[in-house]
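Input: a single structure, listed below in structure tokens.
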Amino acid sequence: MGTTAYIFISISAVSLVSFAGIAAFSMREEMMKKMLFILVGLAAGTLIGDAVIHLIPEALEKIGDERAFGLALLTGVVVFFILEKYLRWHHAHHGAEEEHEMEEALHHPKHLAPMVLLADSIHNLLDGAVIAAGFLISPIVGFATVVAVFLHEIPQEIADYALLVHSGFSRTKALFFNFLSALTAFLGAGFLLLLSSSFELIGAFAGAFTAGAFIYIAATDLIPELHKTRGVMRGAIELGAFIVGIALMLLLTFLEV
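Position 100, counted from 1, in the sequence shown is what this note's numbering calls 1325; the numbers after and before it change by one each time, with no gaps.
This is the structure:
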């Protein structure tokens, strides 16, 4: 199976995460919160693990220029900082911030729903490019990146679905538009594949960019959420999930040939 096939099959699988919201709504609230924190821990571990174990070493080796590599990585950090600052997407919604957004959804439904869909569309566009970048580096890096993206998409898609429902969308309509926004990932992947045909190192530079983005998301969005919880047992479970995420990325290195 070729690289392009791997990319588009993987994106198709990740796009199905947009249906996670309907499953979450069928769960009891307390159970959903517990599951979300475990998923956030797993996502944080896989994002950092993929960045440090797979993306950074592979991209640095292929680029060969430490300064160029560093600039590409920093670009990933800066771009995702700007996107989060101005598009207001967040990978985990809890506490006062979530309550504020839900209240805004109830009072300004026509204003919030398009913003949620715009942010999610751009987010998924970048996810598609990120997955393509991983496979352009190597199949193992590609699969590791798919796992990382998949896990951090689950809480994101649940939050987006909830915001759309609270902003006035029916559950069916929210599910449909959430899935529609997920399809922009194919555009991101297609664009990067087009660039790769004329720029041989685009995969390596995109990999460095992705590493910066993953570290930023884990460090500023996901790990702070884990620090908000109280209780020794709950903290131990979240720490365990975080370590399992890293271990999963490490395990994938043994599959490299």
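Glycine is no exception: its CB is placed at the ideal position from the N, C-alpha and C atoms. This structure is a prediction, so every number in the text was calculated from the model and none was measured.
Please look up how many angstroms separate the CB atoms of residue i and residue j, rounded, as I've assumed it's under 8 Å.
i: L1267; j: V1469; result: 6 Å
i: I1263; j: A1466; result: 5 Å
i: F1244; j: F1404; result: 7 Å
i: E1283; j: I1347; result: E1283 to I1347, Cβ: 26 Å. No contact.
i: V1304; j: A1410; result: Actually they do not touch by this definition, with Cβ atoms about 17 Å apart.
i: G1246; j: I1442; result: With a Cβ gap of about 20 Å, G1246 and I1442 do not count as contacting.
i: F1401; j: V1242; result: Actually they do not touch by this definition, with Cβ atoms about 15 Å apart.
i: L1477; j: A1358; result: The Cβ separation is near 16 Å, so there is no contact.
i: G1270; j: I1471; result: 4 Å
i: S1421; j: G1428; result: 6 Å
i: E1450; j: V1265; result: 5 Å
i: L1419; j: T1229; result: Contact flag wrong, Cβ pair sits at about 11 Å.
i: V1366; j: I1356; result: Not really, about 10 Å apart at Cβ, beyond 8 Å.
Can you tell me which of the three DSSP states residue i falls into?
i: G1266; result: helix
i: G1289; result: coil
i: E1425; result: coil
i: S1406; result: helix
i: G1415; result: helix
i: R1253; result: coil
i: S1363; result: coil
i: R1459; result: helix
i: M1327; result: Low confidence applies here, because M1327 scores a pLDDT of 46, under 50, leaving its location unreliable; read the following figure in that light. The answer is helix: DSSP assigns M1327 an H, G or I state.
i: G1432; result: helix
i: S1243; result: helix
i: S1237; result: helix
i: G1227; result: coil
i: A1398; result: Rather than Ala, the amino acid found at residue 1398 in this sequence is Lys. In this structure, K1398 counts as helix in the three-state DSSP scheme.
i: T1370; result: helix
i: S1392; result: coil
i: T1512; result: One cannot answer for residue 1512 here, as it falls past the ends of the chain, which runs 1226 to 1482.
Residue i to residue j, Cα distance in whole Å?
i: A1317; j: A1373; result: Residue placement at A1317 is flagged as unreliable, the pLDDT there being 48, under the threshold of 50; the coordinate-derived value follows with that caveat. C-alpha separation (whole angstroms): 15 Å.
i: A1344; j: L1412; result: 15 Å
i: F1439; j: R1253; result: 30 Å
i: F1424; j: S1237; result: 26 Å
i: F1360; j: E1291; result: 22 Å
i: A1387; j: G1289; result: 44 Å
i: F1394; j: K1287; result: 47 Å
i: H1279; j: L1296; result: 18 Å
i: M1260; j: H1391; result: 21 Å
i: A1276; j: A1338; result: 32 Å
i: A1354; j: I1462; result: 32 Å
i: E1309; j: G1415; result: 24 Å
i: I1281; j: G1437; result: 9 Å
i: G1227; j: L1426; result: 18 Å
i: T1454; j: M1340; result: 29 Å
i: N1349; j: G1456; result: 34 Å
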